[in-house]
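So the sequences go chain by chain: U and G.
Residue numbers 131 to 384, in my numbering, belong to the letters of the first sequence in order.
Residue numbers 5 to 404, in my numbering, belong to the letters of the second sequence in order.
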Amino acid sequence: MSRKRHRLVPEPFGLKRRRERGDVEVDSLRGESGSARAAVAELVRLFPRVLFEDALPPIVLRSQVYSLVPDRTVADLQLKALQEQGEIRIIQLGFDLDAQGIIFTEDYRTRVLKACDGRPYAGAVQKFLASVLPACSDLSFQQDQMTQTFGFRDPEITQLVNAGVLTVRDAGSWWLAVPGAGRFIKYFVKGRQAVLGMVRKAKYRELLLSELLGRRVPAAVRLGLAYHVHDLIGAQLVDCVSTTSGTLLRLPET
Amino acid sequence: MLGFLSARQTGLDDPLRLQRVESTRRVWGLELNKDRDVERIHGSGVNTLDIEPIEGRYMLSGGSDGVIVLYDLENSSRQPYYTCKAVCSIGRNHPDVHKYSVETVQWYPHDTGMFTSSSFDKTLKVWDTNTLQTADVFNFEETVYSHHMSPVATKHCLVAVGTRGPKVQLCDLKSGSCSHILQGHRQEILAVSWSPRYEYILATASADSRAKLWDVRRASGCLITLDQHNGKRSQAVESANTAHNGKVNGLCFTSDGLHLLTVGTDNRMRLWNSSNGENTLVNYGKVYNDSRKGLKFTVSCGCSSEFVFVPYGSTIAVYTVYSGEQITMLKGHYKSVDCCVFQSNFQELYSGGRDCNILAWVPSLYEPVPDNDDENCLQMNELLKTKFLSNLHFEDIFAF
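Laid out in structure tokens, this is it:
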């Protein structure tokens, strides 16, 4: 009797969903990571530490996490939870309001301490890392927050800006920043354009993912093809179409 | 589906549940159908569509040449193949026709005796449907981008008008003049929408990246400016609240009025809680939008998980509202799509675009199963035989 009742309660929508949304099969690049944390850990491995002589913490972009975790809203929620727990910091990279970098807090802290070692602003930076970072997990800081809640004076804030830990956003508000990230941003922007250019120059403006990864890396791409491809797929700058020969990257018509 | 029917029959399930499940299933199967057509009257792009809320039978469309056409959507012929005919139209030779492009048309919410239209020729006209003459004209100093009349209002007859100037004007139909203005935006107002839940709550979207919620009874300014970062509210930062990183193009309340959807030229669509202005952070991905004026999109009504239909270039993208999942892209228009409306009684979608076509997207039905009736079989056989014979004749003639 109870089994019959279970069958009456539904299994919805007998209509088969006929249209594929371009979901990808398992490919060399696209192993499914269930959670955002696993995705960030996997992407951190793709970051070229050698290029920056270990002075920069490994930076991962939010769009890369979207390419590994297919449901964006769930990815956003998980990243927000990680941010609130203090495991990751989200940094506004200056070139695009959408592009946000994700760094593990531990990596950030060690690298920043190493970068400011022996410099005149070391004291202010250490005070910042000790008091402000654990307390406030936002991307930006306001004037009254810094002076009243955390007790920073104006000269100390200037020292933090000189150290590269804060970047000016507006009169009286600052973004959190990574010292020495300028080089990374330069390589990233150039590399993104170069990889997009590779797809654009292809016949019919589409390329199989396996073929793209197998091509010779152009000189402008310093961070690695896989790193950039994850970012392009997640930022929806290329359409991902699943075909019988694997994943196809196609430039959108619009 | 049989499970749902038997649950309904035995009383285990609410009747509403079967209705919602079937509506959702039909929306999942929306596609172009060779049996349904809308008569092509417009000679230039279709800017706006509106279906009357009383019966869902008549549809108004406004075009870039100022022409307004009224269609009858009901299929009273017994044939499956049906073209929605134009009942009447206000063409270029009508004495009161708009001089420039019609941007918004809307039926009077309580009956089909009246409708309003606003246009780039700086006027809002109120038309009598039966005589097709203007009952009233409101003139403005700037071009009108959008107007809306509250669907639930009983205590007021205000029409909210968004123009190229930064002030939202409220025109009263009873007195025939503008009753008051709402100040707060800094650039042109691209979309206005009344809440379907409270008759005094209005939402406006502007090119200065801000979307505001107003209570029109309050003189001192807007209730909430929507902030995409859900930041802390402090006086200094209030002015920096933006809903999008570009112009805010379109606004749509969900059918229960509890949430508000906005689209912007930063290629994003956001879902807001309309009572406290909080960004629910549902991520729809890239919703391509390069329209320089308003984008008219719509939300389904009566399904178990609501869907939003957004014009995306020359296709229409369908997303679930609360989870952000993209269901499908409806391809069929030749040029960019400007507007779409949902007919909730039959779960049909009508869309108009720059290619002057209005397309009807109908839930795909199953192929009819042939009956086992003897008469039908016989008739079928006769038909096939005559066809076969006539073919033979034809070929014989050809051979010689």
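All C-beta atoms in this analysis are idealised placements derived from N, C-alpha and C, irrespective of residue type, glycine included.
Contact with chain G by U/T377, beta-carbon distance below 8 Å
For U/T377, the answer is no, since every Cβ of chain G falls outside 8 Å of its Cβ.
Need the endpoints of the beta strand (DSSP E) that G/M153 sits in, please.
Run containing G/M153: 148-153, per the beta strand (DSSP E) assignment.
Between the segment 285-297 of chain G and chain U, which residues of the former have a C-beta closer than 7 Å to a C-beta of the latter?
Those residues of the segment 285-297 of chain G that come within reach of chain U (Cβ to Cβ, closer than 7 Å) are L285, V286, N287, G289, K290, Y292.
Is the Cβ of U/T374 closer than 8 Å to any Cβ of chain G?
Not closer than 8 Å to any Cβ of chain G, the Cβ of U/T374 fails to qualify, so no.
Could you work out which residues of chain U lie near G/N249, taking near to mean beta carbons separated by less than 7 Å?
In chain order: L227.
So for G/G67, helix, strand or coil by DSSP?
Note: G/G67 maps to strand in three-state DSSP.
Is G/F124 near G/T147, with beta carbons less than 8 Å apart?
With respect to the 8 Å criterion, G/F124 and G/T147 are classified as neighbours on the basis of their beta carbons.
Just verifying my parser: in three-state terms, what is the DSSP assignment at U/D153?
In this predicted model, U/D153 has a pLDDT of only 41, less than 50, meaning its place in the structure is not dependable; the value taken from the coordinates is given anyway. Here U/D153 carries a coil assignment [DSSP, helix/strand/coil].
If you pair each beta-carbon of the segment 176-185 of chain U with each one of the segment 204-215 of chain U, do three or more pairs fall below 8 Å?
No, the segment 176-185 of chain U is not in contact with the segment 204-215 of chain U.
With DSSP as the reference, label G/D231 as helix, strand or coil.
In this structure, G/D231 counts as coil in the three-state DSSP scheme.
Give the straight-line distance between the Cα atoms of G/H114 and G/V220, rounded to the nearest whole angstrom.
The straight-line gap from Cα to Cα measures roughly 21 Å.
DSSP state of U/I363 mapped onto helix, strand, coil
Here U/I363 sits in helix by DSSP.
Quick one: is G/Q110 buried, meaning 16 or more other Cβ sit within 10 Å of its Cβ, or exposed?
Per the 10 Å Cβ criterion, buried.
Secondary structure at G/L20, three-state DSSP: helix, strand or coil?
In the structure shown, G/L20 sits in a helix (DSSP, three-state: H, G or I).
What residues in the segment 310-328 of chain G have a beta carbon less than 7 Å from any beta carbon of chain U?
Contact annotation: in the segment 310-328 of chain G, residues whose CB is within less than 7 Å of a CB in chain U are G317, S327, G328.
Using C-beta distances below 6 Å, list every residue in its chain close to U/Q272, excluding the 5 sequence neighbours before and after it, in chain order.
Excluding residues within five positions, the ones whose Cβ falls inside 6 Å are S303.
Excluding sequence positions up to five away, which residues of its chain have a Cβ less than 7 Å from the Cβ of G/A240?
Any reading at G/A240 needs caution, since the residue's pLDDT is 43, under 50, leaving its predicted position unreliable; the model's value is listed next. Around G/A240: no qualifying Cβ.
Does any residue of chain G have a CB that is nearer than 8 Å to the CB of U/D361?
It does not: the Cβ of U/D361 has no partner Cβ on chain G nearer than 8 Å.
For U/L362 and U/L379, what's the separation of their Cα atoms in angstroms?
CA-to-CA, the gap between U/L362 and U/L379 works out to about 10 Å.
Is there a Cβ of chain G sitting closer than 8 Å to that of U/T203, yes or no?
Answer yes: the Cβ-Cβ gap between U/T203 and chain G drops below 8 Å somewhere.
When the Cα of U/T377 is compared with those of U/V170, U/K244, U/S197, U/P178, which residue comes out closest?
Looking at the Cα atoms, U/S197 is the closest of the given residues.
Please name the residue or residues paired with G/H263 in a DSSP beta bridge.
In the DSSP secondary-structure assignment, G/H263 is bridged to G/N277.
Euclidean distance between Cα positions of G/C175 and G/L230
One Cα belongs to G/C175, the other to G/L230, and the distance between them is close to 25 Å.
Taking the DSSP output, what are the residues bridged to G/K129?
According to DSSP, which records beta bridges pairwise, G/K129 is partnered with G/S121, G/V141.
Suppose only complete runs of 4+ residues qualify. What are the alpha helix (DSSP H) ranges in the segment 278-349 of chain U, listed by chain order?
You should have 284-293, 311-331, 339-344.
Candidates G/S105, G/T138, G/D41, G/K103: which alpha carbon is nearest G/T120's?
Comparing Cα positions, the closest option is G/T138.
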